[in-house]
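Protein chains: 2
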Amino acid sequence: MKLSDYSKGHKAVSAINALATETIWPEHTTPLNTRDAEKKQFWPKGFSAGTAHAGIKPAKKDLVIIKSDEPSSAAAVFTRNLCSAAPVVVSKEHLEQSASSIRAIICNSGNANAATGEKGLTDARTTAEKTARILGISSQEVLVSSTGVIGSFLPMEKINSAIDSLSAVLFEASCAKAAEAIMTTDTFPKYFGLDISLSIGTVRLSGIAKGSGMICPDMATMLAFLVTDAKIEQKLLQEMLSKANEKSFNTITVDGDTSTNDMVALLSGSSSNTRILPGSRDAQVFYEALESLMTFLARLIVMDGEGATKLVKIRVEGAATDLDAQKAARTIANSSLVKTALHGEDANWGRIIAAAGRSGAVFNPENASIQFDDLLILQPGYVSDFSEENAKKILSRNSYTIIVSLGDGAGSAVVHTCDLSKEYIEINGSYRT
Amino acid sequence: MKLSDYSKGHKAVSAINALATETIWPEHTTPLNTRDAEKKQFWPKGFSAGTAHAGIKPAKKDLVIIKSDEPSSAAAVFTRNLCSAAPVVVSKEHLEQSASSIRAIICNSGNANAATGEKGLTDARTTAEKTARILGISSQEVLVSSTGVIGSFLPMEKINSAIDSLSAVLFEASCAKAAEAIMTTDTFPKYFGLDISLSIGTVRLSGIAKGSGMICPDMATMLAFLVTDAKIEQKLLQEMLSKANEKSFNTITVDGDTSTNDMVALLSGSSSNTRILPGSRDAQVFYEALESLMTFLARLIVMDGEGATKLVKIRVEGAATDLDAQKAARTIANSSLVKTALHGEDANWGRIIAAAGRSGAVFNPENASIQFDDLLILQPGYVSDFSEENAKKILSRNSYTIIVSLGDGAGSAVVHTCDLSKEYIEINGSYRT
């Protein structure tokens with residue numbers, strides 16, 4: 001079965017379970033059971049969510065508020081695209097003013113509020129204010145996020161009424177429902193959670209994400225929101241998030257394009273007594289859980305990449321430095337020639353070594369070797385002597401690893417990519433409607 | 001008619017004529033008539049070519065020797081890929097030893113002699129020696145070039161007999177025939193020539209090129225060979241070639257992948273009396289002709305890009321520096337999202353501005369504007385108010401220009417790209433056979 005088949009009829013649970021099964025979770029973590037994803041308790045203590053249909057998308061829920069009962073410390077990383085969307089600008093402002101006391105994240109899908117100038121900024125601020133009003137908090141305690149079409153103004157009347165409608169409901173939307181409300185052209189909602197055993201007790205870390213679907217015209221793409229009831233002060237929280245982000249969302253590529261709205265936020269609630277101190281063993285355990293959950297959500301995004309049928313981990317090792325390894329891994333993972341060969345299940349090592357060669361990484365190609373899972377494809381000295389049949393067996397898997405060893409030093413890097421199929425062209429060549 | 005239709009039945013002449021008609025040639029140049037391309041006289045005085053069928057490709061000519069009656073000064077630029085092919089290494093050595101006295105270029109198609117280690121180097125040297133022997137010159141006077149499959153050894157017996165067979169024939173292959181012999185999966189041969197009126201008389205500049213077809217498995221791609229009967233000393237020749245290369249072959253992209261064998265060489269013969277002196281008006285006129293011919297050949301390559309149906313010039317202006325402009329132009333031209341939108345004839349300016357935003361170029365997106373040919377699509381302040389119908393008219397053309405003005409300074413850059421179609425996936429996803 002192709003990975004993409006999992007998504008037929010929004011079979012999120014089978015896609016998520018398939019990936020969870022092959023994931024090696026760190027010690028002291030217990031994956032939550034996806035059967036409970038529709039329950040409110042999938043969220044950590046002190047967090048809840050409400051979803052609404054604002055009418056930006058024709059029929060589906062397109063707005064979610066994730067709220068924290070108590071002031072949370074918040075960490076976030078944002079797109080580095082110069083054309084940052086208005087909600088990115090406003091969320092950055094609010095974090096500067098109030099990073100130790102964030103109470104809510106509001107996110108709409110269907111419209112990115114990007115390339116919208118001054119009016120866009122006003123709209124993002126109004127959205128935060130309105131949210132603050134119904135929750136009885138102040139507007140700088142709200143993070144704002146949008147995803148969807150670039151270059152259109154938000155329909156503020158619809159958004160205002162949708163927020164109003166949430167003032168009348170209990171916040172009982174599950175992680176799965178919250179993940180659904182931030183989907184654009186994702187074919188399934190993306191969410192997961194871990195229980196983490198610390199010396200101070202068990203804490204929960206849950207997250208939702210949306211990925212790279214860019215049908216009409218540009219879905220401004222990657223978003224992820226994570227929440228935990230572990231109590232972590234803001235500086236440490238930001239350090240952990242930034243570091244884990246480098247290892248997870250910053251190691252994925254679908255088509256090499258980065259968006260105007262990318263945002264990853266992590267809230268740490270203050271309703272429990274489980275404070276994690278900087279430098280503690282608990283901090284290390286929590287960090288590992290965070291990195292693994294973020295990597296999991298990142299891989300879900302690649303798995304649901306536009307037109308993707310395969311999830312491929314590119315691991316470059318033996319590079320002079322980590323930076324060299326990263327250059328090589330990214331260039332291989334973004335190469336259209338490599339990605340079409342992955343799609344064709346073709347053991348085309350020449351494209352892989354040529355991509356590494358043009359990446360800017362410094363190495364001697366004569367010392368390089370290439371491996372598909374456990375099968376050696378290229379040995380140093382350009383010796384290539386492998387069974388095409390065995391290679392084909394690996395390449396026909398839904399998910400596998402390509403290891404490129406540059407034979408030079410101790411630098412390494414990992415990038416997750418997908419294949420490039422005709423469906424990608426179909427999806428992205430279509431007219432805006 | 002789509003550009004790709006020109007290639008049906010190798011209608012090179014109509015493709016070349018179509019592009020020649022829309023090209024604005026510099027003053028003092030006269031394009032040669034493509035009706036004469038089959039005549040020996042399409043070459044400048046003192047140059048000729050012989051082609052052979054070595055049997056690397058099943059039926060077609062796959063080997064060409066371009067020879068100069070007298071010692072030529074030679075200039076060349078090569079791929080920067082670390083995995084440089086053996087012929088690239090050997091040609092660099094020969095240029096170091098003998099750049100003012102090059103007598104021949106030998107090129108085979110069908111096999112790139114790349115990723116072939118020590119044996120590859122020996123084979124490339126043997127090819128040069130054999131060529132030198134039949135022409136009665138020394139081997140360092142020969143440049144060697146190969147294009148085709150990466151990772152296989154050259155069939156040296158076949159190549160040796162093919163070179164032998166050329167010792168018995170008159171060198172009467174036309175530019176068109178020479179261009180055919182270096183094709184891999186190009187759909188038509190690429191060649192052109194200019195007469196240039198200098199104060200010292202009229203000189204001729206002719207060139208052949210091959211482009212980016214990479215079916216099975218990696219055609220190591222771009223090659224171009226130019227020859228002129230203008231007499232230019234080696235240092236000036238190299239300066240001119242390097243500069244023109246930046247403006248021509250270094251401004252094209254089909255899929256962002258660069259190959260292991262790329263090479264552009266220019267020979268300047270010594271059989272005429274038309275010496276061009278550094279700093280002279282003639283040097284300027286010749287340079288402009290060189291740049292325009294190289295740009296023409298470069299655009300032919302993009303036009304014949306794998307699966308391409310459109311040839312699009314991306315011009316970025318108003319950048320803080322030329323480097324900023326180049327970053328923006330290259331990122332736009334390589335973006336899969338932009339290229340699929342071009343294929344879908346979709347006026348999707350959001351993707352263009354988002355690509356510029358992530359390119360590393362420094363600018364304020366609020367000041368940016370975008371134009372398709374003469375139609376303004378985006379005005380500063382994110383004002384977008386244009387007729388979709390008029391935009392569609394332009395985007396349905398075979399060839400047009402996208403101008404992105406960053407509103408910041410005087411930096412500018414041009415990149416030529418093509419659209420990304422399902423045929424690209426089809427061509428590159430196929431198995432090596």
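Line by line, the protein sequences give chains A and B. Everything in the first sequence is counted per the UniProt record's numbering, starting at 1 for the first residue and increasing by one. Everything in the second sequence is counted per the UniProt record's numbering, starting at 1 for the first residue and increasing by one. We treat Cβ as the ideally placed atom computed from N, Cα and C, and that holds for glycine. Note that the structure is a prediction, hence the values are computed from the model and not measured.
- Item | A54 (chain A) vs A162 (chain A) beta-carbon contact at 9 Å | For A54 (chain A) and A162 (chain A), yes; Cβs fall inside 9 Å.
- Query: Nearest to L375 (chain A) by alpha carbon, out of A:G344, A:E27, A:S387 and A:V383?
  - Reply: Nearest C-alpha to L375 (chain A): A:S387.
- Message: Quick check: the Cα distance between L337 (chain A) and E306 (chain B), rounded to an integer number of angstroms?
- Response: Whole-angstrom Cα-Cα distance: 11 Å.
- Would you mind telling me which residues of chain A sit closer than 7 Å to E366 (chain B), beta carbon to beta carbon, in chain order? Going along chain A in sequence order, the residues near E366 (chain B) (Cβ under 7 Å) are G117.
- S369 (chain A) bridges to which residues according to DSSP? Per DSSP, the beta bridge partners of S369 (chain A) are A:S405.
- Task: For R80 (chain B), count neighbouring C-beta atoms within 10 Å of its own C-beta (all shown protein chains included) and say buried if the count is 16 or more, exposed if not.
- Result: Counting the other Cβ atoms within 10 Å of the Cβ of R80 (chain B) gives fewer than 16, which makes it exposed.
- Just curious, the beta strand (DSSP E) that P71 (chain A) is in, first and last residue? Per DSSP, P71 (chain A) belongs to the beta strand (DSSP E) from L63 to F78.
- Task: Spatial neighbours of V316 (chain A) within its chain, please: CB distance less than 6 Å, with the 5 preceding and 5 following residues excluded, ordered by chain position.
- Result: The answer, listed in chain order, is A325, A328, A329, V404 and A413.
- Message: When you compare the CB positions of H416 (chain B) and A289 (chain B), do they come within less than 9 Å of one another, or not?
- Response: Result no, Cβ atoms of H416 (chain B) and A289 (chain B) do not sit closer than 9 Å.
- Task: Answer yes or no: does any C-beta atom of chain E fall closer than 9 Å to that of N250 (chain B)?
- Result: Chain labels in this structure do not include chain E; the protein chains are A and B.
- Where R103 (chain A) meets chain B, residues with beta-carbon distance less than 8 Å: What R103 (chain A) touches in chain B: nothing, since even the nearest Cβ is about 31 Å away.
- Query: What is the DSSP secondary structure of E423 (chain A), reduced to helix, strand or coil?
  - Reply: Three-state DSSP puts E423 (chain A) in a helix.
- Message: I'd like to know if R125 (chain A) contacts chain B, where contact means its C-beta is closer than 9 Å to some C-beta of that chain.
- Response: Not one chain B Cβ lies under 9 Å of R125 (chain A).
- Message: Cutting at 8 Å between CB atoms, please list the residues of its own chain near F171 (chain A), excluding the five before and the five after it.
- Response: The residues are S48, A49, G50, I65 and K67.
- Where E172 (chain B) falls: helix, strand or coil (DSSP): DSSP places E172 (chain B) in coil when its eight states are reduced to three.
- Task: Kindly confirm or deny that the region 83-90 of chain B and the region 109-120 of chain B touch, where touching means at least three C-beta pairs closer than 8 Å.
- Result: Below 8 Å, enough C-beta pairs join the region 83-90 of chain B and the region 109-120 of chain B to call them touching: three or more.
- Message: Give the list of continuous beta strand (DSSP E) stretches no shorter than 3 residues that lie fully inside the region 130-180 of chain B.
- Response: You should have 142-149.
- Query: Any idea what DSSP makes of N348 (chain B), helix, strand or coil?
  - Reply: N348 (chain B): coil per DSSP, three-state reduction.
- Assign I200 (chain A) to one of three DSSP states: helix, strand, or coil. The three-state secondary structure of I200 (chain A), taken from DSSP, is coil.
- What separation, rounded to the nearest whole angstrom, lies between the Cα atoms of C216 (chain A) and S292 (chain B)? Confidence at C216 (chain A) is low in this model, with a pLDDT of 42, below 50, so its placement is unreliable and the value that follows should be read with caution. If you take the alpha carbons of C216 (chain A) and S292 (chain B), they lie about 39 Å apart.
- Task: Verify the CB distance criterion: does S4 (chain B) have a CB-CB separation below 9 Å to chain A?
- Result: Only weak support exists for where S4 (chain B) lies, its pLDDT of 45 falling under 50; the value from the coordinates is given anyway. Taking Cβ atoms only, chain A never reaches closer than 9 Å to S4 (chain B), which makes this a no.
- Message: The beta strand (DSSP E) that contains H416 (chain B), what's its start and end?
- Response: Residues G411 to C418.
- Item | Cβ pair V144 (chain A), I105 (chain A) closer than 9 Å | By the CB criterion at 9 Å, V144 (chain A) and I105 (chain A) fall inside the cutoff.
- Query: Interface residues of chain A around S259 (chain B) at Cβ under 7 Å?
  - Reply: Within chain A, the residues placing a beta-carbon under 7 Å from that of S259 (chain B) are A354, ordered along the chain.
- Expressed to the nearest angstrom, what Euclidean distance is found between the alpha-carbon atoms of W25 (chain A) and K313 (chain B)? Separation of W25 (chain A) and K313 (chain B) (C-alpha to C-alpha, rounded to the nearest whole angstrom) is 49 Å.
- Check whether the Cβ atoms of I102 (chain A) and A354 (chain B) sit closer than 9 Å, and answer yes or no. Result no, Cβ atoms of I102 (chain A) and A354 (chain B) do not sit closer than 9 Å.
- Message: I want to know whether the region 260-277 of chain B touches the region 222-240 of chain B - three or more CB-CB distances under 8 Å.
- Response: Look at the beta carbons and you see the region 260-277 of chain B touching the region 222-240 of chain B: at least three pairs across the two are nearer than 8 Å.
- Query: Quick one: what's got a C-beta closer than 6 Å to F363 (chain A)'s C-beta in the same chain, skipping five residues either side?
  - Reply: Take F363 (chain A), set aside five residues on each side of it, and the residues of its chain with a beta-carbon closer than 6 Å to its own are L406 and D408, in chain order.
- With distances taken between CB atoms, is the gap from A132 (chain B) to A112 (chain B) smaller than 9 Å? Cβ atoms of A132 (chain B) and A112 (chain B): not closer than 9 Å.
- Endpoints, beta strand (DSSP E) assigned at T228 (chain A): Its beta strand (DSSP E) spans residues L223 to T228.
- Query: For S199 (chain A), which residues of its own chain have a beta-carbon under 6 Å away from its beta-carbon, when the five flanking residues on both sides are left out?
  - Reply: Around S199 (chain A), the same chain offers D282 as residues with beta carbons nearer than 6 Å, after the five sequence neighbours per side are excluded.
- Give the secondary structure of N390 (chain B) by DSSP, where H, G and I count as helix, E and B as strand, and everything else as coil. Judged by DSSP in its simplified three-state form, N390 (chain B) adopts helix.
- Message: So for N17 (chain A), helix, strand or coil by DSSP?
- Response: Reduced to three states, the DSSP call for N17 (chain A) is helix.
- Message: Using only CA atoms, which one of B:N245, B:A356 and B:Q371 lies nearest to S259 (chain A)?
- Response: Cα-wise, what sits closest to S259 (chain A) is B:A356.
- Query: F78 (chain B) versus chain A: which residues are under 9 Å apart at the beta carbon?
  - Reply: The premise fails here: F78 (chain B) is roughly 13 Å from chain A at the closest Cβ pair, so nothing lies under 9 Å.
- Message: Only counting the same chain, and skipping five residues up and downstream in sequence, which positions put a Cβ closer than 6 Å to that of G360 (chain B)?
- Response: For G360 (chain B), where only same-chain residues beyond five positions count, the Cβ hits under 6 Å are K327.
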